[in-house]
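Scroll down for the structure; my scribbles are underneath it.
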Amino acid sequence: MSGTESVAFDTPQRERRADTFAMWVFIGSEAMLFGAIFLVFLVAHIDFGPAFAAASKRLSLPLGTLNTAVLITSSFTMALAHMLALHRRWRPTIWALVATAALGVCFLIVKGIEYGKEISEGLAPLLGLPFRYAGPDPVHAEFFFGLYFTMTSLHALHLIGGIVVIAGMIALWRPSGPANRLRRVVAVGLYWHFVDIIWVFMFPVLYLINR
Amino acid sequence: MTNAAMQGTYLGQGSGLRAWLLSTDHKRVAWLYLISLTAFFFLGGAMAVLMRIELATPAGDLVSDDVYNRLFSLHGIIMVWFFLVPSIPATMGNFLLPLMIGARDLAFPRLNLASWYVFIFGSLFALFAVVAGGVDTGWTFYTPLSTLYANGFVSTAAFGVFVVGFSTIMTGINFIVTVHTLRAPGLTWFRLPIFVWTLYATSLVMVLATPVLAASLILIVLERVFGIGIFNPDLGGDPLLFQHLFWFYSHPAVYIMILPGMGVVSEVLPCFSRRPLFGYKAVAMSSMAIAVFGFLVWGHHMFVSGQSAYAGVVFSFLSFCVAIPSAIKVFNWSLTLRKGEISFETPMLYALFFLGLFTFGGLAGLFLAALAVDVHVHDTYFVIAHFHYIMVGGMVTAYMAGLHFWWSKLTGRMYSETAGRIAATVTFVGFNLTFFPQYMLGFNGMPRRYHTYPPEFQFWNVLSSAGAVVLAIGYLMPLFYLGWSLFRGARAPDNPWNATGLEWQTSSPPPPHNFETMPVVTRPAYAYDMKGLEHERFSPHREEAAR
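First to last, the sequence lines map onto chains A and B.
Going left to right, the first sequence walks through residues 1 to 211 as the working numbering numbers them.
Going left to right, the second sequence walks through residues 212 to 758 as the working numbering numbers them.
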């Protein structure tokens, strides 16, 4: 029971393996959550293709592309953190984690700017805001924007969760021993890459598929 | 209960509120769940009794139609999400899984305690919805009723169910990781008790299906609160989409509710017939098969909802397929009894009742899987009777079987065997009296969810209402004699049923970290046919006594 967080494990190695496995199971669960919503989108896309294609062109491709680059870079810094933690180089590990969280915040800021732009253009069919979409088939365009806001905000919530967990991990850095540090970096890293991959699917589906 | 005899057991580790509410010991968390689930069971049950009293006469004289709608909605919501889904896994599963696999605790003890707090947090929303004025959508939250027309506290209740889903997923992940990483030396997969197999299969379904329910409930709340119309045709959405998402969760959830019950029965039947479980591997694998097939049959809830006829045929076929692994289990349980030395203690009575009631309810499921018959009985009392035979006759009966079987392990006390046998029999009689008439009502065309009905249905309705009273007595009795045994019951020996299984090899109640010496397993499960079994199996307790 030495050096493990849970009384159930004999060695930190076994506990780390269990943690990683648990994170994979959780990712499987999360994949079903996003899978359900992607499925809704794809079914709607089959039904209302032209309306969705026209509506999709109103999204900002430059901002979307910028955000994709930001998030992929954050995955790179997270991978660095994992590698550095394996070599027990704790100080650079912290910096890599800080960079990861900072890039996550950048993504959220850009996303916020994008939302602001869409709301001011009257493309946000929520909270009773005016919906002023001039293109063809505005009813199904409204469906598209409803899905767009649902999917991207759900993703953003997951990203916020990741940033909060990284912040908490750094806050608890000093009292936790090396085994716990590595274990947490590996688990949080897996989650971060997953949230990144969700965006890698969301970006083409929402922004690119119709161009 | 904290006296000299409990020193050194998990019950002797502090008796204050803090010691219970903050303990990460899986055995104490199991008690937290047991107490909260019992409260929900009787709350949901009280609503059912009110409905049955209303239905004793054709006219709507006790409650208004609006109140009746809220009663059946809340009865469903509470019973499904606040009792049945967590029932056996969160109580007996929580308590026994580490004991059965020879572990000190679940893989993530703090996550386990957190799951209970999340459960309570979510249930507060549901209870608020009850007190504030109720929900009238039915437990299924069908759109567009729930999004456009219902005037109750739909968002509150849906959010409560959404939160409780997190607790389910936490439990599921914890169980899966525990089974993979913490089995005792020598405890291979095919030496696991079937109860562990069914908990494992259940956990897989919990982890993979619950998020889809979360997605559909989020979308309902988004539509009601933010006006994003994913299910609203006026805003381009599709109401049928909700049914697809909802049943993609809720049909697998039926197996979340029944699989652990099958596990309990697989423990009890071999023990009280002194025979190894017949066809162990087939029973283990059929649990996994049920978990997998469970994901492929959701469309059988939508035969008359306007899905394509081809989809209907495929879903009908796949629904018949689920009957195969279920039947494998029933045949194997029956063959376990063959040539056994059967004795009829309380857990065995409940297990045998399970066998009968589950088979009866399952066969009615075949009627419902048949396309043409389903058109006739869809949304009638036939469906109500079918799933109550599985959920109440099956799962709740198995829950009672398990509670009595492991009560001595949970508490270190024995309950009154006579009272137990009487309660089991009263439950069986009351159950059949309540729900068999509902098959007749449904087949004759009485629709579900109405608080008035034509007078020709009164005969069967009166029988059913009378049965509900008997059933209520059957469920209230254990509350008293089990509660009494907590304080006055005889001290339980470590293994009162002379059962196999690692949980019986430690003391009753177990020490804080379950085993004084960590066990090593050298035998298959259910080795009831091996001579001198107790002496050959590893027993930390006896070893200690011998020292």
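Glycine is no exception: its CB is placed at the ideal position from the N, C-alpha and C atoms.
- Per DSSP, reduced to three states, the secondary structure at B/THR591 is strand.
- Taking a 10 Å sphere around the C-beta of A/PRO178, we find fewer than 16 other C-beta atoms and assign the residue as exposed.
- Think of a sphere of 8 angstroms around the beta carbon of B/PRO320: the chain A residues whose beta carbon falls inside it are SER6, VAL7, ALA8, in chain order.
- Assignment of beta-bridge partners to B/PRO658 by DSSP yields B/THR591.
- Taking a Cβ-Cβ threshold of 7 angstroms, the residues of chain A close to B/ARG315 are VAL7, ALA8, in chain order.
- Assigned with DSSP and collapsed to three states, A/ARG132 falls in coil, not helix or strand.
- With the criterion set as a beta carbon lying under 7 angstroms from some beta carbon of chain A, the members of the region 387-405 of chain B are ILE387, VAL388, HIS391, THR392, LEU393, in sequence order.
- Under the Cβ distance rule, A/HIS155 does not count among the residues neighbouring chain B, no pair being separated by less than 8 angstroms.
- For A/THR150, the nearest CB of chain B lies under 8 angstroms from its own CB, placing it at the interface with that chain.
- Under DSSP, no beta-bridge partner is assigned to A/ARG183.
- By DSSP's assignment, B/ARG624 forms a beta bridge with B/ARG702.
- Interface criterion met: the Cβ of B/PHE437 is under 8 angstroms from a Cβ in chain A.
- Restricting attention to B/VAL524, B/VAL508, B/THR570, B/TYR561, the CA atom closest to the CA of B/SER537 is found in B/THR570.
- Taking every protein chain shown into account, the CB of B/GLY573 has 16 or more other CB atoms within 10 angstroms, so this residue is buried.
- Under the three-state reduction of DSSP, B/PRO666 is assigned to helix.
- Residues are counted here when their Cβ sits less than 8 angstroms from a Cβ of chain A; for the region 446-467 of chain B these are LEU446, GLY447, GLY448, ASP449, LEU452, LEU456, PHE459, given in chain order.
- For A/LEU33, the neighbours in chain B by C-beta distance under 8 angstroms run, in chain order, PRO422, VAL423, ALA425, ALA426.
- Each of B/LEU233, B/GLU667, B/GLY694, B/THR645 was checked against the Cα of B/LEU324, and the nearest Cα belongs to B/LEU233.
- Residues PHE442, PRO450, PHE453 of the same chain have their beta carbon placed closer than 6 angstroms to that of B/THR354, with the five preceding and five following residues left out of the count.
- Out of A/ALA187, A/ARG181, A/PHE143, the CA that lies nearest to the CA of A/THR93 is found in A/ARG181.
- A/GLY128 has its alpha-carbon roughly 45 angstroms from the corresponding atom of B/GLY576.
- The residue from B/GLU556, B/MET496, B/TRP509, B/ARG549 with its alpha-carbon nearest to that of B/ILE539 is B/MET496.
- Fewer than three beta-carbon pairs drawn from the region 585-598 of chain B and the region 551-561 of chain B are found closer than 8 angstroms, and the two stretches are therefore not classed as touching.
- In the same chain as B/PHE364, and ignoring 5 residues on each side of it, the C-beta atoms closer than 8 angstroms to its own belong to PHE339, ALA340, ALA343, GLY344, GLY345, VAL346, in chain order.
- Of the other Cβ atoms in all chains shown, 16 or more fall within 10 Å of the Cβ of A/LEU103; this residue is therefore buried.
- Comparing alpha-carbon positions, the option among B/THR382, B/ARG486, B/SER247 lying closest to B/ALA710 turns out to be B/ARG486.
- In the DSSP assignment, A/ASN67 falls within the unbroken alpha helix (DSSP H) covering 61-86.
- In this structure, the straight-line span from the alpha carbon of B/GLY641 to that of B/LEU687 is close to 12 angstroms.
- The Cβ neighbour count for B/TRP509, taken over all protein chains shown within 10 Å, is at least 16; the residue is labelled buried.
- Spatial neighbours of B/ARG239 in its own chain (CB-CB distance under 7 angstroms, excluding positions within 5 residues in sequence) are listed in chain order as TYR221, TRP231.
- With respect to chain B, the C-beta atom of A/ALA79 has no partner C-beta closer than 8 angstroms.
- A direct Cα-to-Cα measurement between B/SER334 and B/VAL375 gives close to 7 angstroms.
- CA-to-CA, the gap between B/ALA703 and B/TYR626 works out to about 9 angstroms.
- Of the residues B/SER357, B/MET381, B/MET473, B/GLY227, the one whose Cα lies closest to the Cα of B/VAL407 is B/MET473.
- Boundaries cannot be given for B/TRP292, as no alpha helix (DSSP H) includes it and DSSP labels it neither H nor E.
- Between B/LEU488 and B/ILE553 a beta carbon distance of about 14 angstroms is seen, past the 8 angstroms cut, so the two are scored as non-contacting.
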